[in-house]
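Enquirer:
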Amino acid sequence: MQRFILSSLIIAIIAITGCKKDNYKPPTSILQGQVSYQGQPIGLRSNGVQLELWQHGFEVFSKIPVYIAQDGTFSASLFDGDYKLVLLRGNGPWINSADSMDVKVNGNTTVDVTVTPYFLIKDAAIGQSGTNVNASFTLQQVNTSLPLEAVRIYLGATTVVDQVNSVASVEKAAADIPNIGQPIQLTVNIPSSLSSKGYLFARIGVKTAGVAELLYTMPQKIELK
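Using our numbering, read the sequence shown as starting at -18 and increasing by one per residue.
In structure tokens, the structure reads:
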């Protein structure tokens, strides 16, 4: 009889503990925003660049990584509270900043993160010419602390196209660009795997020397003729 009572008590404790776990409420607030320069979104490699969120008041003070989409937007599900938002050093195509941003999350919260890129791509035009895709654009050097390394054009089968996700690409090194302010042309041959689909996505990127990630134009869909 005692064993039966003891077993029943153990089962009851386990059931109560299980119910408590089942009743755990996940975070319901959304922090969202966009990384921009002078109000214009920064084009990035999809989920290649991240922000860090830190929150005090808990036993473990650890970071919450927040990955940035290729159009510069980001979002994270969080509990309400006070956070520190930090740009990961050396992770984006912009000047490193030691500043952090205080963010108070209370329900759905929007915050804009402003950065200073090394270069901007201006007046971009991308189109098909026979079996090639041609791109024309200019560069604006926003900060002179690091030099230009190269410019590139990427072709892909989906909207996610960048230095990691591409079917074809062409690069022009900085040594072949005597004047950054003058128009730059890039030409890449359309692979058969893309021409057979009848369309492709193209994107221009600029690589700063010493910086891993590129700054991109937004992906452009090209209907092939």
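Ideal Cβ positions, reconstructed from N, Cα and C, are used throughout, including at glycine.
(1) Who are the Cβ neighbours of Q166 in its own chain at under 6 Å, not counting the five residues just before and after it?
(2) Distance check for V30 and I49, CA to CA, integer angstroms please.
(3) Quick one: give me the first and last residue of the alpha helix (DSSP H) that L175 is part of.
(4) Take G71 as the anchor and find which of D104, L127, K65 and V114 has the nearest alpha-carbon.
(5) If you count every other CB in all the chains shown that lies within 10 Å of the CB of Q121, and 16 or more means buried, which is it?
(6) In the DSSP assignment, the beta strand (DSSP E) including I158 goes from what residue to what residue?
(7) Contact defined as beta carbons within less than 8 Å: I believe Y197 pairs with G186. What is the distance between those atoms, to the nearest angstrom?
(8) Please tell me whether I23 and V96 are closer than 8 Å, where the distance is taken between their beta carbons.
(9) Is the separation between the beta-carbon of R184 and that of V142 shorter than 8 Å?
(10) Going by alpha carbons, who is nearest to L205 out of I161, E130, I107 and L195?
(11) Taking buried to mean at least 16 other C-beta atoms within 10 Å of its own C-beta, is K85 buried or exposed?
(12) Within its chain, find whatever has a CB closer than 6 Å to the CB of G88; leave out the 5 residues flanking it on each side and keep chain order.
(13) So, is A(-7) buried or exposed, given that buried needs 16 or more other C-beta atoms within 10 angstroms?
(14) Do you know how far the Cα of S176 is from the Cα of S81?
(15) According to DSSP, is L25 helix, strand or coil?
(16) Give the DSSP-derived three-state secondary structure of I76 in the structure shown.
(17) Can you tell me which of the three DSSP states K2 falls into?
(18) Quick check on M199: does DSSP put it in helix, strand or coil?
(19) Which stretch, first to last residue, makes up the beta strand (DSSP E) that contains S56?
(20) Taking the beta carbon of V16 as the centre, do at least 16 other beta carbons fall within 10 Å, making it buried, or is it exposed?
(21) Do you know offhand how far D63's Cα is from V148's?
(22) Provide the residue(s) that pair with A131 in DSSP beta bridges, ordered along the chain.
(23) Assign P164 to one of three DSSP states: helix, strand, or coil.
Expert: Let me lay it out:
(1) Reading the sequence shown from its first residue, position 185 is the one you call residue 166. Answer for Q166: S117, listed in chain order.
(2) For this step, residue 49 is matched to residue 68 along the sequence shown. For this step, residue 30 is matched to residue 49 along the sequence shown. In a straight line, the C-alpha of I49 is about 6 Å away from that of V30.
(3) The residue you call residue 175 lines up with position 194 of the sequence shown. Element bounds for L175: S173 to S176.
(4) Indexing the sequence shown from 1 puts residue 71 at position 90. Closest option to G71, Cα to Cα, is L127.
(5) For the purposes of this step, residue 121 is taken as the residue at position 140 of the sequence shown. Classification for Q121: exposed.
(6) Taking the sequence shown and counting its residues from 1, the one referred to as residue 158 is at position 177. Unbroken run through I158: none, as it is neither H nor E.
(7) Working through the sequence shown from its first residue, we reach residue 197 at position 216. Working through the sequence shown from its first residue, we reach residue 186 at position 205. The Cβ separation is near 5 Å, so the contact holds.
(8) Here residue 23 refers to the residue found at position 42 of the sequence shown. Here residue 96 refers to the residue found at position 115 of the sequence shown. Yes, the pair counts as a contact, with Cβ atoms nearer than the cut-off.
(9) Position 203 of the sequence shown, counted from the first residue, corresponds to residue 184. Position 161 of the sequence shown, counted from the first residue, corresponds to residue 142. Cβ atoms of R184 and V142: closer than 8 Å.
(10) In the sequence shown, the residue the question calls residue 205 occupies position 224. When each option's Cα is compared against that of L205, the closest is I107.
(11) Taking the first residue of the sequence shown as 1, we reach residue 85 at position 104. Exposed, because fewer than 16 other Cβ atoms sit within 10 Å of the Cβ of K85.
(12) Along the sequence shown, read from residue 1 onward, the residue named residue 88 stands at position 107. So the list reads S10, once near-sequence residues are dropped.
(13) The count along the sequence shown starts at 1 and reaches residue -7 at position 12. Bear in mind that the predicted position of A(-7) carries a pLDDT of just 47, short of 50, making it too unreliable to give a figure here.
(14) Residue mapping note: residue 81 aligns to position 100 of the sequence shown, counting from 1. Residue mapping note: residue 176 aligns to position 195 of the sequence shown, counting from 1. Between S81 and S176, the C-alpha separation is close to 46 Å.
(15) Translated into the one-based positions of the sequence shown, residue 25 becomes position 44. In this structure, L25 counts as coil in the three-state DSSP scheme.
(16) In the sequence shown, residue 76 corresponds to position 95, counting from 1. Note: I76 maps to coil in three-state DSSP.
(17) Counting from 1 along the sequence shown, the entry for residue 2 is found at position 21. Reliability of the predicted coordinates at K2 is poor, the pLDDT of 48 falling under 50, and no value is obtained from them.
(18) For the purposes of this step, residue 199 is taken as residue 218 along the sequence shown, with counting starting at 1. Three-state DSSP puts M199 in coil, outside helix and strand.
(19) Counting from 1 along the sequence shown, the entry for residue 56 is found at position 75. T54 to L59 is the extent of the beta strand (DSSP E) around S56.
(20) Position 35 of the sequence shown, counted from the first residue, corresponds to residue 16. So V16 ends up on the buried side.
(21) Within the sequence shown, numbered from 1, the residue matching residue 63 stands at position 82. Within the sequence shown, numbered from 1, the residue matching residue 148 stands at position 167. Going from the Cα of D63 to the Cα of V148 covers about 43 Å.
(22) Position 150 of the sequence shown holds residue 131. In DSSP, A131 forms a bridge with A154 and K188.
(23) Along the sequence shown, read from residue 1 onward, the residue named residue 164 stands at position 183. Of the three classes helix, strand and coil, the one that applies to P164 here is coil, per DSSP.
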